[in-house]
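Taking it in order: structure first as structure tokens, then the write-up.
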Amino acid sequence: MRRDPREARLLGLWTAGCLAVLLLAGILAFGDLSLQWPVFVVPLVWALVAARPRRGTGRDALPEAEPFPATREAPTLPRVPPERLPRDW
4 MRRDPREARL LGLWTAGCLA VLLLAGILAF GDLSLQWPVF VVPLVWALVA
54 ARPRRGTGRD ALPEAEPFPA TREAPTLPRV PPERLPRDW
């Protein structure tokens with residue numbers, strides 16, 4: 004499912020914020036913030052990627068795909084050539 008650029012940006016920033024809060028809670032509860040602060044690079048990069056400019060989803064944003072040709076299934080399997088039939092040894 005494609006999201007519009009504004010919704011995708013908001014979802015990405017919200018996810019990065021939640022990740023940062025959970026990391027902070029985990030570090031404060033179980034770790035040492037002065038040693039483990041580099042883990043906050045992950046939500047920062049996530050937020051930067053989410054905030055990047057996106058191309059619109061209007062009719063002119065993506066080239067129109069050609070429709071796939073109609074297909075039909077073969078009604079039966081093709082016959083096996085005589086030289087490929089199993090032999091009794």
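Our numbering runs 3 ahead of the 1-based position in the sequence shown. Ideal Cβ placement from N, Cα and C applies to all residues, glycine included.
Taking a cut-off of 8 Å for Cβ pairs, the segment 41-59 and the segment 18-31 touch, as three or more such pairs fall below it. Take Arg55, set aside five residues on each side of it, and no residue of its chain has a beta-carbon closer than 8 Å to its own. Only residues of its own chain outside the window of five on either side were considered, and among them Ile30 have a CB closer than 7 Å to the CB of Leu36, listed in chain order. By the neighbour-count criterion, in which 16 or more other beta carbons inside 10 Å mark a residue as buried, Pro41 falls on the exposed side. The beta carbons of Pro46 and Ala28 sit no closer together than 7 Å. With respect to the C-alpha of Arg6, the residue from Phe43, Pro85, Arg57 having the closest C-alpha is Arg57.
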